Amino acid sequence: MAKRYKWGILAPGRIAAKFANALKVLDNAELYAVGSRDTGRAKKFAEEHGFKKYYGSYEELAGDPEVDVIYIASPHSEHYSQTLLCLRNKKAVLCEKAFSLNSRETDEMIAEARRRDVFLMEALWPPFQPFYIKAHEIIKSGILGKIVNMHAWFLFIPPFYPADRKFNISLGGGSLLDIGIYPVIDALTFLGIPDEVKASAFFGETGSEESINAILKYNSGNLATIYSSFLTNNGIGCDLLCEKGNLTVSRGRDMNQRVILELHGKDKETFTFTPPALGYHWEAEEVMNCLDRQLKESPVVPLSFSAGLMKTLDRIRESAGIVFPGRD
Ligand SMILES: NC(=O)c1ccc[n+]([C@@H]2O[C@H](COP(=O)([O-])OP(=O)(O)OC[C@H]3O[C@@H](n4cnc5c(N)ncnc54)[C@H](OP(=O)(O)O)[C@@H]3O)[C@@H](O)[C@H]2O)c1
2 MAKRYKWGIL
12 APGRIAAKFA
22 NALKVLDNAE
32 LYAVGSRDTG
42 RAKKFAEEHG
52 FKKYYGSYEE
62 LAGDPEVDVI
72 YIASPHSEHY
82 SQTLLCLRNK
92 KAVLCEKAFS
102 LNSRETDEMI
112 AEARRRDVFL
122 MEALWPPFQP
132 FYIKAHEIIK
142 SGILGKIVNM
152 HAWFLFIPPF
162 YPADRKFNIS
172 LGGGSLLDIG
182 IYPVIDALTF
192 LGIPDEVKAS
202 AFFGETGSEE
212 SINAILKYNS
222 GNLATIYSSF
232 LTNNGIGCDL
242 LCEKGNLTVS
252 RGRDMNQRVI
262 LELHGKDKET
272 FTFTPPALGY
282 HWEAEEVMNC
292 LDRQLKESPV
302 VPLSFSAGLM
312 KTLDRIRESA
322 GIVFPGRD
């Protein structure tokens, strides 16, 4: 019989609620414990979602010997220290993006996981989604030829609260690590690590970056333009402009995922996907599959991908002048 894994949720905020709902569709996931900085919040979340235990500190959650795996859902700035806390307690970790605030921290998290021989994975949503898998299949099939140029974006207008993690620099605020990370993931997935990076950003009243454009150049002859912004709404998408046609990969505000294939001189073909549980359950499923196989990292989201992603984000930040005081 398949092992049932006892999940702990660290930091019961907005994404944690979606993730808890996703765990409910998996038979081998047990909603076991919640850890918050506040016992009342932990209790409320545990009751709402049916977790057995709750703790008023992250240390208590990490120290519970029954917990198999912890999902870290705090602001980016906290991921580094909390991942180390969990790994040092020998807990498998699924940590939200952005993995940390910089490469040095990401590299240390990876080194700690390897030193302790404990599973670690960044909670990257796209690699598990049907639209992404379909787009990959089409590109790999070669029917479109080489990708010449790529435009990828993530744009949405969140409510403005200066203390919110999206706008608060001390919590890693700014569009790049929150949503710009997705177009960067697209570039790394379809084109790899860029050879040159140039970026420019606008900063808002809290000093955090609110709009950024970056050009990634590849010596193999490709260019990628990535942009993210909290100042305009247009969902998430990526246009792959290729020698023999184009591919558009997008997720609209209706949450439907679409892949549009347009070969030169032919009619457009559209593939639409609407995954259950917003598609978050596939990340948890991957973690448990890896644990079943005693793997310490995921072949779908390898730690080398997370390391390359954070290095690229560092280069974009450096070019655009984005600094996280005390953390760079
Ligand atoms: N994969 C995705 O699709 C996706 C979507 C949204 C967000 N995310 C990622 O998930 C993470 C959390 O995002 P969110 O929108 O859920 O965040 P959030 O609601 O603002 O915060 C999550 C929780 O973090 C805890 N926390 C710990 N230290 C904190 C601090 N210094 N300041 C504020 N809160 C702190 C709080 O819970 P307690 O105090 O109760 O412990 C808070 O409720 C981010 O890294 C984000 O990038 C991923």
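Using our numbering, read the sequence shown as starting at 2 and increasing by one per residue.
The C-beta atom is built at its ideal place from N, Cα and C for all residues, glycine as well.
Bear in mind that the values here come from a model prediction, so they are computed numbers and not experimental data.
*Please name the residue, chosen from 189, 186, 159, 190, that lies closest to residue 175 on a Cα-to-Cα basis.*
As a position in the sequence shown, residue 175 is number 174, starting the count at 1. Selected option, being the one with the closest Cα: 159.
*Please classify residue 232: is it buried, with 16 or more other beta-carbons within 10 angstroms of its beta-carbon, or exposed?*
Within the sequence shown, numbered from 1, the residue matching residue 232 stands at position 231. Label assigned to residue 232: exposed.
*asked:* As a quick exercise: from 142, 198, 118, pick the residue whose alpha carbon is nearest that of residue 292.
replied: Counted from its first residue, the sequence shown places residue 292 at position 291. Comparing Cα positions, the closest option is 118.
*Between the stretch 32 to 51 and the stretch 5 to 19, are three or more C-beta pairs nearer than 8 angstroms?*
yes
_My output table needs one value for residue 287: the three-state DSSP class, helix, strand or coil._
By one-based count along the sequence shown, residue 287 stands at place 286. Reduced to three states, the DSSP call for residue 287 is helix.
*Sufficient close CB pairs (3 or more, under 8 angstroms) joining the stretch 278 to 291 to the stretch 26 to 36*: yes
_Backbone CA spacing between residue 303 and residue 78 [nearest angstrom]_ = To locate residue 303, count along the sequence shown from 1; it is residue 302. To locate residue 78, count along the sequence shown from 1; it is residue 77. Each residue's alpha carbon lies about 22 angstroms from the other.
*Just confirm the distance between the C-beta atoms of residue 184 and residue 154, as a whole number of angstroms; I'd bet it's less than 8 angstroms.*
If you number the sequence shown from 1, residue 184 lands on position 183. If you number the sequence shown from 1, residue 154 lands on position 153. Right, their Cβ atoms sit about 6 angstroms apart.
*Report the residue ranges of all beta strand (DSSP E) runs contained in full by the stretch 84 to 152; include only those spanning at least 3 residues, in chain order.*
93 to 97, 121 to 124
*asked:* With a threshold of 8 angstroms on Cβ separation, who are the neighbours of residue 248 within its own chain once the five nearest residues in sequence on each side are excluded?
replied: Residue mapping note: residue 248 aligns to position 247 of the sequence shown, counting from 1. Within the same chain, residue 248 has close Cβ partners 136, 139, 140, 145, 240, 241, 260, 261, 262, 263.
*asked:* Using the three-state DSSP reduction, which class does residue 75 fall into: helix, strand or coil?
replied: Along the sequence shown, one-based indexing puts residue 75 at 74. Coil.
_Spatial distance of residue 222 from residue 65 (CA atoms)_ = Numbered from 1 along the sequence shown, position 221 holds the residue referred to as residue 222. Numbered from 1 along the sequence shown, position 64 holds the residue referred to as residue 65. Distance between the alpha carbons of residue 222 and residue 65 is about 52 angstroms.
*chain C beta carbons: is any one of them nearer than 8 angstroms to that of residue 80?*
Of the chains in the structure shown, none is chain C; there is only one protein chain.
*Can you grab the Cα-Cα spacing for the pair residue 108 / residue 312, in whole Å?*
Within the sequence shown, residue 108 is the residue found at index 107, counting from 1. Within the sequence shown, residue 312 is the residue found at index 311, counting from 1. Taking the straight line joining both Cα atoms gives about 10 angstroms.
*Flag residue 300 as yes when its Cβ comes closer than 7 angstroms to any non-hydrogen atom of ligand 1, and as no otherwise.*
The sequence position of residue 300 within the sequence shown is 299, counting from 1. Because no heavy atom of ligand 1 lies under 7 angstroms away, the Cβ of residue 300 does not count as near it: no.
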